[in-house]
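K.L.:
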Amino acid sequence: MNVSVRKNRFSVGLTGGIGSGKSTAADLFAMLGASVIDTDVIAHQLTAANGAAIAAIKSAFGAAFVTESGAMDRSRMREAVFADPTTKERLEAIIHPLIRAASEHAAAQASGSYVLFVVPLLVETGYWKQRVSRVLLIDCPEDIQIRRVMQRNTLTEQQVRVIMATQVPRADRLAAADDVIVNDSDTAALLPQVQRLHQQYLALALAGES
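Numbered by my numbering, the letters in the sequence shown go through residues 8 to 217 in order.
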């Protein structure tokens, strides 16, 4: 895979299905010294009030998709995306290039031991698979995903399954991963796995700089 954050800068793409625990794992990597760049956080910034994507969203979808505060109307957009797949494609065509540009800018400023990009749609997006040195999957059984999302977002099981159906199958994520962390328990069980991989990534980062 290609390494291009800085010349020979080691980078990891962290991904996983909804409810897998991507954010928890990323926080642990950050605590250990990795520079974490979360594309979901960037996407929220781009679509917040007066964010960089708002003008293009308003132009493409109309003023009804922008709230009075100047942010994207997330509930309205979510309904439109589920109702029509082409809406999702149009939205991604606006947001994804902006996310990539902001991620590159953040990576150029990063001072951590290595860069860890958190990318929920990494497997679906050819750009990220070629962009990072290694792909790290946070994995757990689907019944655990469903339970976590139901508790976190107060959704029904059917609603969670609809969301999961829009994501690539678990088997595809496993096939694309260089490294896998199994997050089927709690943070105490997650930490040793993160620590082990962090040491591996440190060694690879140092090897790339030598």
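Don't be surprised by glycine CBs; every beta carbon is placed ideally from N, CA and C.
1) Can you tell me which of the three DSSP states residue 218 falls into?
2) Quick one: Cα of residue 101 to Cα of residue 175, how far?
3) For a minimum of 4 consecutive residues, which ranges assigned as the alpha helix (DSSP H) are wholly contained in the region 104-154?
4) How about residue 112: is its Cβ closer than 8 Å to a heavy atom in the ligand HEM?
5) Considering only their Cβ atoms, is the gap separating residue 20 from residue 126 smaller than 9 Å?
6) Please work out which residues of its chain come closer than 7 Å, Cβ to Cβ, to residue 27, disregarding the five sequence neighbours upstream and downstream, and give them in chain order.
7) What distance in whole Å lies between the Cβ atoms of residue 129 and residue 135, which are believed to be in contact at a cut-off of 8 Å?
8) To test your reading of the DSSP string, which unbroken alpha helix (DSSP H) runs of 4 or more residues are found completely within the region 25-96?
9) Considering only DSSP beta bridges, list what residue 186 is partnered with.
10) Using DSSP bridges, identify the partner residues of residue 21.
11) If you draw a straight line from the alpha carbon of residue 46 to that of residue 154, how long is it in whole angstroms?
12) Quick check on residue 16: does DSSP put it in helix, strand or coil?
P.N.:
Quick look at the numbers:
1) Outside the shown range of the chain (8 to 217) lies residue 218, about which nothing can therefore be said.
2) So the two alpha carbons sit approximately 21 Å from each other.
3) Listed in chain order, they are 133-138.
4) Looking at this structure, you won't find the ligand HEM or any other ligand, since it has none at all.
5) Their beta carbons are under 9 Å apart, which means residue 126 touches residue 20 by this criterion.
6) Hits under 7 Å: 145, 146, 147, 152 and 190.
7) Between residue 129 and residue 135 the Cβ distance is about 4 Å, and since that is below 8 Å, they are a contact.
8) Restricted to the region 25-96, the alpha helix (DSSP H) segments that are unbroken, complete and at least 4 residues in length are 29-39, 46-53, 61-68 and 81-90, listed in chain order.
9) DSSP lists 143 as partners of residue 186.
10) Paired residue(s): 125 and 143.
11) About 24 Å.
12) Secondary structure of residue 16 (DSSP, three-state): coil.
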